[in-house]
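Chains as they are written, first to last, in the working numbering: chain Y, 29 to 208; chain S, 27 to 283; chain L, 1129 to 1327. Built from N, CA and C at the ideal position, the CB exists for glycine as well. Computed from a predicted structure; not experimentally measured. One structure is given here, and the rest of the page talks about it.
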Amino acid sequence: MERNLTHIALFAALIAVLGLVPKIDLAAGVPITAQSLGVMLCGTVLGARRGALAVLLFLALVAAGLPLLSGGRGGLGLFAGPSAGFLVGFPIAAFVAGWVVERTTLTPAIAAGAGAVIGGIGVLYLFGITGMSIALGKSWTEASYLALAFLPGDIVKAVLAGLITQAIARMRPGALMSRA
Amino acid sequence: MLDLSVAIRKPAGMPAATLSGLHLAEAEFALGGRAILRGLTLSLTEARIGILGQNGSGKTTLLRLLAGLIAPTSGTVRVDGLDPATDRRALLPRLGILFQNPDHQILFPVVEEELAFGLRQMGLPAVETAARVARLLAAEGRTHWARAPVATLSQGQRHYLCLLAVLLMEPATILLDEPFAGLDLPTCQRLARRLEHLPQRLITITHDPAALARADRVLWLEAGQIRMDGPPDSVLPAFTAEMARIGERDADADLPG
Amino acid sequence: MLTLTSPVETPFHLVPAGAKMASLCAITAGLIAVSSPVLLALILLGTVGLMAAGGRVFLLQGLRLLRPLWPFVLIVGVWHLWTAELGEGAVILLRLVIVVMLANLVTMTTRLSEMIGVIERLTAPLGRIGLSPRLLALAVALVIRFIPVLAERVGQIRDAIRARSPRSPGWRLVVPATLAALDDADHAAEALRARGGLG
């Protein structure tokens, strides 16, 4: 269906554009990127399957050589380095986040927030830490210390994902494909 | 809610291919219980037709009905004997649509890809498609546009690109939605000149009477119904007078629906 | 759209993308077996040499692409200095840099269209569940088409917010940007249907 294709493509473009937004500084001085927020929104707004496909499409273009990752990064090198685990985890995280929104009847803010925690932190960190431990030759536990630095930011990100999904649901009632 | 279009839409009792032009028979469109177009029966066969109306008159809905982007909630719409809502592919070489905003219409990042798409959709092989695109660009004196990114084109140039993409399909009829909206004067003049010389039947939807001065037939749409239907000499002055009268009123406070 | 493919022509540009990717996987797998820091250092030098063969501009671009690695190099370096396991640290870092450099070499010498072609071939089996290569090609075109459109819109939104507030917009951009993406997706779907649809 045309709507599926265009929504997947447009959200892949959205992730790329959010990568151009400068890092958002929070009170604790821990920065979060609008881009990782965008990845969560793919799942919470489009639903599990479409969201994951949007993120996969985005990653395919990054792998193919477009500098779309925040900071103007791109290319196969990223998939060979320490962040590879996170990159691989992104579409799965989006899927899980979307799945939580699709399967529950909680208000979008809570559902999306929960999805972002389970997917964007739980699942994503699983893949990300594994990737780092392989690339950096460290044990899983050792690698997890490195990831801890991002935890406060990612918790705020999960809350924002919930609020933003709720706002979208209010402003475009039919648009939340995850709750269609 | 009942899907009335299935229950009431009559099979094409009219012989299919011989009936060229756009025909509506008691076509209606309602959204959420609100009637937007009521009982329209029209035969649009003239070369230059204008559909004139205020914003909210239903003219955009009528365009989308004719284009097959929406199906009538009752009644029938036929373009060259085909139902545009279900036979979109078959209508590609017969009906072209030029939307108001080129950024809502262009799908590809590079000019020649955008131009090639319609022909590829019709099944034309890549080599033949490339040849036709090249021929068109050459005829328009724009061969250097071929590999250009669409993002580098100006608004007017993008509008032109959309028109070229439509012309490449060589349709018999072109629907134009507010073709001059937002264009600067020189671009308007260029576009008007180009449109004037097109061999196709043109159906222009607009709120601006000036755009329809040279039409063969003008239909004034108001609140989903035809208020007046005739040559521009009679319809345009009446429309302009009515618009002036409405404009005199201080407030536009009524909410729709 | 600006890609990371280097405009400097090298012999690698002529090697088919699939062959380069396969070699990359093979070399990466092979490197796991190498545990001598000296040997790895030599391989690294060889890799840099490959890059240098493309000229100064090419080499500099290759080195620039290594920049995202520096925090990790620092952390691992300090870690192994602390635990006095310098040999092991060297092996880890050398392997890492070699693999990333080689991967970037593939990126710099392969055109976007070729990479998409490889991805299309790899995902061809998915055609059976409805994800045909033609849809992928169309999806890629749509993304590249709409990135500048959305970027321009986000710029306008940022200006609108800045006109009303001295603070930097930050996360407040995300809602309007997402709405813009949703609206453009609807319009594009309609334009696609108007031009015959996906069939």
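Can you name the residues of chain L whose CB is closer than 9 angstroms to the CB of residue i?
i        : result
Pro95/Y  : Leu1130, Thr1131, Leu1132
Leu176/Y : Neighbours of Leu176/Y on chain L: none; closest Cβ ~13 angstroms, over 9 angstroms.
Taking buried to mean at least 16 other C-beta atoms within 10 Å of its own C-beta, is residue i buried or exposed?
i         : result
Met1179/L : buried
Gln1284/L : exposed
Met1243/L : buried
Ala191/S  : buried
Asn81/S   : exposed
Met68/Y   : buried
Trp168/Y  : exposed
Met195/S  : buried
Leu140/S  : Here the sequence assigns Glu to residue 140/S, which means Leu is not the residue at that position. Buried, because 16 or more other Cβ atoms sit within 10 Å of the Cβ of Glu140/S.
Glu1318/L : buried
Val1185/L : exposed
Cys70/Y   : buried
Pro151/S  : exposed
Gly1215/L : exposed
Cys188/S  : buried
Val261/S  : buried
Leu117/S  : buried
Arg161/S  : exposed
Glu274/S  : exposed
Can you pull the chain L residues whose beta carbon is under 8 angstroms from the beta carbon of residue i, in chain order?
i        : result
Met199/Y : Val1303, Leu1307
Leu87/Y  : Those do not exist, as Leu87/Y stays about 10 angstroms from chain L at its closest Cβ, beyond 8 angstroms.
Glu139/S : Ala1269
Leu91/S  : Ordered by position in chain L, no residue passes the 8 angstroms Cβ test against Leu91/S, which lies about 13 angstroms from the chain.
Thr206/S : In the sequence on display, residue 206/S carries Phe and not Thr. By Cβ distance, chain L contributes nothing, its closest Cβ being about 20 angstroms from Phe206/S, past 8 angstroms.
Using 8 angstroms for Cβ pairs, my map puts residue i next to residue j. What's the rounded Cβ distance?
i         : j         : result
Arg78/Y   : Leu1310/L : Not quite, the Cβ-Cβ distance comes to about 12 angstroms (not below 8 angstroms), so this is no contact.
Pro197/S  : Leu121/S  : 5 angstroms
Gly104/S  : His49/S   : Checking the sequence shown, residue 104/S turns out to be Arg, not Gly. Yes, Arg104/S and His49/S are in contact; Cβ-Cβ is about 5 angstroms, under 8 angstroms.
Pro258/S  : Leu245/S  : At roughly 11 angstroms, the Cβ-Cβ gap does not stay under 8 angstroms, so Pro258/S and Leu245/S are not in contact.
Ala125/Y  : Thr132/Y  : So it is not a contact: roughly 12 angstroms between Cβ atoms.
Thr1235/L : Gly93/Y   : 5 angstroms
His35/Y   : Ala1279/L : No, His35/Y and Ala1279/L are not in contact; Cβ-Cβ is about 18 angstroms, not under 8 angstroms.
Leu1238/L : Ala1181/L : The question names Leu, but residue 1238/L is Thr in the sequence shown. With a Cβ gap of about 17 angstroms, Thr1238/L and Ala1181/L do not count as contacting.
Leu115/Y  : Val1271/L : The Cβ separation is near 17 angstroms, so there is no contact.
Ala121/Y  : Leu152/Y  : 4 angstroms
Pro110/Y  : Arg101/Y  : The pair is not a contact, with the Cβ atoms about 13 angstroms apart (cut-off 8 angstroms).
Which bits of chain S does residue i rub up against, with CB to CB less than 8 angstroms?
i         : result
Arg1239/L : Near Arg1239/L there are no residues of chain S at all, since even the closest Cβ is about 14 angstroms away, more than 8 angstroms.
Ile1247/L : Residues of chain S passing the Cβ test: none, with the nearest at roughly 17 angstroms.
Glu1318/L : Leu95, His130
His1141/L : Near His1141/L there are no residues of chain S at all, since even the closest Cβ is about 19 angstroms away, more than 8 angstroms.
Which same chain residues, not among the five before or five after residue i, have their C-beta less than 6 angstroms away from its C-beta?
i         : result
Met40/S   : Note on Met40/S: pLDDT 37, under 50, position unreliable in the model; no value is reported.
Pro1304/L : Ile1285
Glu138/S  : Val159, Ala172
Ser46/S   : Asp106
Phe134/S  : Glu140
Leu1132/L : Thr1235
Val1143/L : none
Just grab the DSSP bridge partners of residue i for me.
i        : result
Trp246/S : Leu78/S, Met254/S
Phe55/S  : Leu63/S
Ile200/S : Gly122/S, Leu228/S
Ser100/S : Glu54/S
Arg5/Y   : This structure cannot speak to residue 5/Y, because chain Y is shown only from 29 to 208.
Val136/S : Pro175/S
Val105/S : Leu48/S, Leu108/S
Leu70/S  : Leu48/S
So residue i contacts chain Y; which residues on that side make the cut at Cβ distance below 7 angstroms?
i         : result
Ile1244/L : Ala92
Thr1235/L : Gly93, Gly103, Leu104, Gly105
Short of 7 angstroms in beta carbon distance, which residues of its chain neighbour residue i, apart from the five on each side in sequence? Order them along the chain.
i       : result
Ala56/Y : Since pLDDT at Ala56/Y reaches only 48, below the 50 mark, its modelled position is unreliable, and the value read off the structure follows with that caveat. If we look at Ala56/Y and ignore the five residues flanking it on each side, its Cβ neighbours are Pro180.
Arg74/S : Leu228, Arg240, Ala241, Asp242
Lys36/S : Because Lys36/S sits at a pLDDT of 33, beneath the cut-off of 50, its placement in the model cannot be relied upon, and the point is left open.
Ala76/Y : Phe123, Gly126, Trp127, Glu130
Ala61/S : Glu54, Gly250
Which chain Y residues sit within Cβ distance under 8 angstroms of residue i?
i         : result
Leu1321/L : For the record, residue 1321/L in the displayed sequence is Arg; it is not Leu. Residues of chain Y passing the Cβ test: Glu30.
Quick one: list the residues of chain S neighbouring residue i, beta-carbon separation under 9 angstroms, in chain order.
i         : result
Leu1270/L : Leu133, Phe134, Pro135
Please work out which residues of its chain come closer than 8 angstroms, Cβ to Cβ, to residue i, disregarding the five sequence neighbours upstream and downstream, and give them in chain order.
i         : result
Arg90/S   : Ile96
Thr86/S   : Asp203, Ile231
Arg1256/L : none
Trp1207/L : Gly1217
Give the residues of chain L in contact with residue i, contact being defined as C-beta atoms less than 7 angstroms apart.
i        : result
Ala177/S : Pro1276
Thr34/Y  : Leu1270, Ala1313, Ala1316, Ala1317, Leu1320
Ala171/Y : The premise fails here: Ala171/Y is roughly 10 angstroms from chain L at the closest Cβ pair, so nothing lies under 7 angstroms.
Gln147/S : Arg1323, Gly1324
Chain C partners of residue i, CB-CB under 9 angstroms?
i         : result
Gly1255/L : No chain C appears in the structure shown, which is made up of the protein chains Y, S and L.
Which bits of chain Y does residue i rub up against, with CB to CB less than 9 angstroms?
i         : result
Phe1200/L : Gly109, Pro110, Ser111, Met160, Ala163, Leu164, Leu174
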